[in-house]
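Residue numbers for the sequence shown follow my numbering, so the first one is 5 and each next one is one higher. Accompanying notes for the structure given below.
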Amino acid sequence: MDDKKRIKTMKVVILILLLVNLLATAGLAGWIYFSHPSQPETALDYQEVEKYTLYVGTSDKNGNAIYSLEEAKQIVNPICDKYVPGYTVFEASGHWTTENGVLIDENTLVYVFYRTDEEHIIAIMNDVLKELHQSAVLVEKENVGYVFYDGRS
Numbered sequence: 005m006d007d008k009k010r011i012k013t014m015k016v017v018i019l020i021l022l023l024v025n026l027l028a029t030a031g032l033a034g035w036i037y038f039s040h041p042s043q044p045e046t047a048l049d050y051q052e053v054e055k056y057t058l059y060v061g062t063s064d065k066n067g068n069a070i071y072s073l074e075e076a077k078q079i080v081n082p083i084c085d086k087y088v089p090g091y092t093v094f095e096a097s098g099h100w101t102t103e104n105g106v107l108i109d110e111n112t113l114v115y116v117f118y119r120t121d122e123e124h125i126i127a128i129m130n131d132v133l134k135e136l137h138q139s140a141v142l143v144e145k146e147n148v149g150y151v152f153y154d155g156r157s
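Here is the structure:
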C-alpha cells in the first residue's frame, strides 16, 4: 500500500471512530438526562391562595399587659370562628419600643388563615381592636401554595 492510500484509510478510520464516539456520548447524555431528572417530580397539587398572618399583642400602647395569652385567646378565637372556616394559632413573644423609648416585651398571639379573603380579615381585626382595646394589630398577606397532604401520591 502506498502512503497516500494508507493516509486516506487512516483518515476514514479516524472519522469513523469520531462518529462512534459522538454517538456514544450523545446516547449517554440522553440516558442521563431522561432517566435521572435533575429535579424530583412532585405529585402534589398545590393550590395558590393568599395567606394572612395576624399578630395580636396583649399589652396596651404603654406596654402594660392587659390580658394573659389564655384570656386573649378566649376572646379572639370566637371572633375568628365567626368569620373563617379554620385557622392556626400559636403563641409568640414580640418586642417593641414605646414613644418614650422604653423597650417592651409583649406576649403575642399569631393567627394564620388560608381559604379566606381580605374582607373577613378586616372584620376580624375590627372586632379584635374593639374587644381587646388595642390601638393596632399587625397583618401580613402573601401568596403561597398549599396542599392538605393525606399520604396518597
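For glycine and all other residues, C-beta sits at the position ideal for the given N, C-alpha and C.
The beta carbons of Asp-64 and His-137 sit about 7 Å from each other, so the pair counts as a contact at 8 Å. Leaving aside the five residues that flank Tyr-91 on each side, the residues in its chain whose CB is nearer than 7 Å to its CB run, in chain order, Cys-84, Tyr-115, Val-116, Phe-117. When C-alpha distances from Ile-70 are compared across Val-151, Glu-110, Ile-126, Lys-8, the shortest belongs to Glu-110. Counting along the chain, Asn-147 sits inside the beta strand (DSSP E) bounded by residues 142-150.
When the beta-carbon positions are compared, Tyr-59 and Thr-120 stay at least 8 Å from each other. Ile-70 sits in coil when the DSSP states are folded into three classes, being neither helix nor strand. When the alpha-carbon of Arg-156 is set against those of Asp-7, Arg-10, Leu-48, the nearest one is in Leu-48. With 16 or more other Cβ atoms from the protein chains shown falling within 10 Å of its own Cβ, Thr-62 counts as buried. Looking at the DSSP output, Asn-111 bridges to Ser-97. The beta carbon of Gly-149 lies closer than 7 Å to those of Tyr-50, Gln-51, Glu-52 in the same chain, with the five residues before and after it left out.
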